[in-house]
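All remarks here apply to the structure that follows.
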Amino acid sequence: MTEASIDSLPMLVLEHIFHFVRPYRSLDSARCVNSQWRDVVDDCVRHMKRRFSACTHLTWHSIGEKLYSESFSAYISERGGHAARYSRSDNCMYMFGGCTARYVPLADMWRLNMDSLEWQRIIQQGEIPPARSLCTLLDCGDLLVLFGGYAKSSNNPINQNVQFFGDLYFFLKNEQRWINLTNESTPTLASHGAVILKNRFMVVTGGSTGEDFSDDVYICDLANQSWSIVYCAGWALIFSSK
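If you count the sequence shown from 1, position 182 lands on 182 in UniProt numbering, and the numbers rise without skipping.
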């Protein structure tokens, strides 16, 4: 009797199976098994890209699976205005801060494993950022970059202290430790947009300064934490805080 294995299956069947693999690190690992699996995974990726490009109505669906670890009985409280970012180096999504329905700012940090879909609360160390919402969290290799944000101390207008942050933090993933790298040239912004270029430069634009909306574009060299403002030619863009 001839022995059969998964490689004995027709390519069409293999491709159907691989469509159920999570499109993060699992697909990359499967692609490295052999040349046949590499071709199947490449076909799957092309098919998923075509389907995504053809979508005209995107809808969100709640994941019904258990999103917490039995060994760590903690649950994420409801929140809004939090910062979240996918990290390729460890195939996890990190989430920091936010605020409650009564606008109480939060400073907790969570990590979602994209393979097991389990949440784990991170025990933060070092110079932990104050509680805030509307900040940005970016992935930069072995570290995360947190910038800016907003918090208010009370719902009572009389005692309310509104604060806009102009601080810069690095989070070392392996050590789970924060480092404060704020300097005098760091702008104060919340509800802004930011991206990382070449794993070195952070480009920041839009948002609110607390006094007005901003249409400035800043570049931060993360290697030495130096900031510069970019003067753009042509028509000025009008950014709003959303």
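We put the beta carbon where it would ideally sit given N, CA and C, even for glycine.
Of the residues Ser133, Thr59, Ala101, Gly126, the one placed nearest Met95, counting alpha carbons only: Ser133
Cys140 classed as buried or exposed, judged by whether at least 16 other C-beta atoms fall within 10 angstroms: buried
Of the residues Gln124, Trp110, Gln125, the one placed nearest Glu118, counting alpha carbons only: Trp110
Within 8 Å, strictly: CB atoms of Arg22 and Arg31: no
DSSP-derived helix/strand/coil call for Arg85: strand
Those residues which DSSP pairs with Asn161 across a bridge: Its beta-bridge partners do not exist; DSSP assigns none.
Ser26, DSSP secondary structure in three states: helix
Whether Ala190 touches Gly148 by CB criterion (8 Å): yes
Contacts around Cys92, its chain only, beta-carbon distance under 8 Å, and the 5 residues preceding and following it disregarded: Tyr86, Arg111, Leu112, Asn113, Met114
Delimiting residues of the beta strand (DSSP E) encompassing Ser228: 226-230
Nearest-angstrom beta carbon gap, Tyr169 and Leu138 [assumed within contact, 8 Å]: That belief does not hold up - the Cβ atoms of Leu138 and Tyr169 are roughly 11 Å apart, past 8 Å.
Interface flag, Met48 vs chain B, CB-CB below 8 Å: Note that chain B does not occur in the displayed structure, where there is just one protein chain.
One or two residues paired with Trp110 in a DSSP bridge: Met95, Arg121
C-alpha distance - Val13 paired with His19, whole-angstrom precision: 10 Å
7 Å CB neighbourhood of Arg177 in its chain, flanking five on each side removed: Gln125, Gly126
Cβ neighbours of Ser5 in the same chain (closer than 7 Å, five flanking residues each side left out): none
Ile123 versus Asp108 - alpha carbon distance: 9 Å
Distance between beta carbons of Lys152 and Tyr218, contact taken as under 8 Å: Their Cβ separation, rounded to whole angstroms, is 24 Å, which puts Tyr218 and Lys152 out of contact at 8 Å.
Candidates Ser116, Asp7, Leu172: closest to Leu143 by CA position: Leu172
Span of the beta strand (DSSP E), counted from its first residue to its last, around Cys140: 136-140
Other residues of its chain near Thr186: CB distance less than 7 Å, five sequence neighbours each side excluded: Gly166, Asp167, Leu168, Trp227
Minimum C-alpha distance to Val162 - residue among Arg46, Glu184, Arg51, Thr188: Thr188
DSSP beta-bridge partners of residue 244: Because the chain is modelled from 1 through 242, residue 244 falls outside the range shown and cannot be assessed.
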